[in-house]
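In this note's numbering, the protein residues as written are 58 to 451.
What follows is a set of notes on a single structure, which appears directly below.
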Amino acid sequence: MAQDKSNVKYAAGSIIQMQGEKPKDSIYIVQQGTIRTEWILEKRIEDTGPGSMVGLISAFTELPPMETVTALSPVQGILVKKAHFEAFFKSNPTIVKKIFQTLAQQRHNLEYTLANAILRVDTDKASPQLPTSTENLYKLGSIYEKFGNNHTAYLAYKRYLYYHPGGADARAAEDRRDALAINAVEQPEYGPADVYRKYPKYSVVFFEGEPGNEFYLIRSGLVRAAKIVDDKRAMIGMARTGNIFGEAVLFADQPRNYTVIAHEDLEVLTITEDGLMNMLSTTPKMISHLMYCLAGRVWYASHRLQKLAEKEPGNRVLGFLALTLETEHLSLNFDGGHTFYFGSKELVEMAGLSDEEGKAVMDPVLASGVLVEQEDGKLFCPKVPSLSRAFVLK
Numbered sequence: 058m059a060q061d062k063s064n065v066k067y068a069a070g071s072i073i074q075m076q077g078e079k080p081k082d083s084i085y086i087v088q089q090g091t092i093r094t095e096w097i098l099e100k101r102i103e104d105t106g107p108g109s110m111v112g113l114i115s116a117f118t119e120l121p122p123m124e125t126v127t128a129l130s131p132v133q134g135i136l137v138k139k140a141h142f143e144a145f146f147k148s149n150p151t152i153v154k155k156i157f158q159t160l161a162q163q164r165h166n167l168e169y170t171l172a173n174a175i176l177r178v179d180t181d182k183a184s185p186q187l188p189t190s191t192e193n194l195y196k197l198g199s200i201y202e203k204f205g206n207n208h209t210a211y212l213a214y215k216r217y218l219y220y221h222p223g224g225a226d227a228r229a230a231e232d233r234r235d236a237l238a239i240n241a242v243e244q245p246e247y248g249p250a251d252v253y254r255k256y257p258k259y260s261v262v263f264f265e266g267e268p269g270n271e272f273y274l275i276r277s278g279l280v281r282a283a284k285i286v287d288d289k290r291a292m293i294g295m296a297r298t299g300n301i302f303g304e305a306v307l308f309a310d311q312p313r314n315y316t317v318i319a320h321e322d323l324e325v326l327t328i329t330e331d332g333l334m335n336m337l338s339t340t341p342k343m344i345s346h347l348m349y350c351l352a353g354r355v356w357y358a359s360h361r362l363q364k365l366a367e368k369e370p371g372n373r374v375l376g377f378l379a380l381t382l383e384t385e386h387l388s389l390n391f392d393g394g395h396t397f398y399f400g401s402k403e404l405v406e407m408a409g410l411s412d413e414e415g416k417a418v419m420d421p422v423l424a425s426g427v428l429v430e431q432e433d434g435k436l437f438c439p440k441v442p443s444l445s446r447a448f449v450l451k
């Protein structure tokens, strides 16, 4: 049987990986020496040593690397080919946990910067992110109520009272909860033993600031993730069937970093750290799938930051559509039609546009038929190449 890994050395000054080169088919795990990783899009540099992994995101997503890695000293490590991932992971559970920790932390670090970029807030001048604990659920409820999201606000007040029945804002939370209860729709309550869960449309799976000990794999449905920055709401993104969310609470040792709402009727599988490790022996293919999902979301978030730097609203939208196609290994030159997993309202929010900017950009495109809003609320493009002409800078 072929070896699942090989020993590889790099001399000091060698380039181990170049940002934008062809997708990797392996990961390199450093055992000795120091490497420098430069994330061009994020303008960030980090020097690390043994245990560092190179090519992780590119190998799982089959997309070009988003970072350049250089050997600062003589480096020695092991190279694991993608064809041998499952066998290697099965015999190295510690490395599996390390991979999840690395990807979850990268994704977590990107989210606050991403939220500021969506809202066009200078990260250096932004206020601290609001929800760092459940004590902020009352204020979170008041913000959602101000937005007119009364159902979400009702649930936030209710969750606050669950965690802090005698808290400083308990009386006010009771008043607002009761005032909104008339039109509220109750959602299922689940415990740790409930591995399979169903949430009706508009249910809140969790709020930012809440604790947790599991993450979620979407079996069917669609969710949207939002974050509050400077009392404004930024849509971090959406996730659909087969994807995961909520992993930072386990692997980045952080409370929930955003609020997740069911955009459609939702069915999920909850996965704890113990459950994940058990999958190594029972369903190793699932481990690879989960890593693929998480790596894809890190790659997507990093490249989305670049698209959000675009000042012209039409180009912002076009850049976001192009990035979405790229994650599905398509391009704006794709000779065919394509259904996106979001509608025009979500597209405008994720592109970080105001309602007025969104209307000015989207109305002509929808009127011309370049994009069509379907009955299920999702956008369909009959001819993908027409997008570039429709959003061209006037």
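C-beta: ideal position from N, C-alpha, C; glycine also.
{"Check": "Unbroken alpha helix (DSSP H) runs of length 4 or more, entirely within the segment 245-319: which are they?", "Outcome": "305-308"}
{"Check": "Let me know if Pro-257 comes out buried or exposed under the rule of 16 or more other beta-carbons within 10 Å of its beta-carbon.", "Outcome": "exposed"}
{"Check": "Going by beta carbon distance, what residues of the same chain come within less than 8 Å of Glu-422, once the five residues before and after it are set aside?", "Outcome": "Here the sequence assigns Val to residue 422, which means Glu is not the residue at that position. Within the same chain, Val-422 has close Cβ partners Leu-428, Ala-447, Phe-448."}
{"Check": "Helix, strand or coil for Val-422? Go by DSSP, reduced to three states.", "Outcome": "helix"}
{"Check": "To the nearest angstrom, how far is it from the Cα of Thr-105 to the Cα of Thr-91?", "Outcome": "6 Å"}
{"Check": "Exposed or buried, which one is Lys-342 when buried takes at least 16 other CB atoms within 10 Å?", "Outcome": "exposed"}
{"Check": "Between which two residues does the beta strand (DSSP E) harbouring Asp-232 extend?", "Outcome": "Note, Asp-232: premise wrong, no beta strand (DSSP E); alpha helix (DSSP H) at 227-237."}
{"Check": "Just to confirm, are Pro-439 and Asn-390 a CB contact at a threshold of 8 Å?", "Outcome": "no"}
{"Check": "In whole angstroms, what is the alpha-carbon distance linking Met-295 and Ala-358?", "Outcome": "11 Å"}
{"Check": "Measuring straight from C-alpha to C-alpha, what distance separates Pro-188 and Tyr-169?", "Outcome": "The predicted position of Pro-188 is uncertain, since its pLDDT is 47 and thus under 50; no value can be drawn from it."}
{"Check": "Excluding the 5 residues preceding and the 5 following Ile-86 in the sequence, name in chain order all residues of the same chain whose CB lies nearer than 6 Å to its CB.", "Outcome": "Met-110, Gly-134, Ile-135"}
{"Check": "Which residues share a DSSP beta bridge with Trp-96?", "Outcome": "Arg-101"}
{"Check": "Per DSSP, what kind of secondary structure is Met-348 in: helix, strand or coil?", "Outcome": "helix"}
{"Check": "Cutting at 6 Å between CB atoms, please list the residues of its own chain near Ile-318, excluding the five before and the five after it.", "Outcome": "Val-261, Arg-281"}
{"Check": "Roughly how many angstroms separate the alpha carbons of Glu-124 and Gly-376, rounded to a whole number?", "Outcome": "20 Å"}
{"Check": "Using 8 Å as the Cβ pair cut-off and three pairs as the minimum, do the segment 351-370 and the segment 402-417 touch?", "Outcome": "yes"}
{"Check": "Counting pairs of Cβ atoms below 8 Å between the segment 242-254 and the segment 311-329, do you hit three or more?", "Outcome": "yes"}
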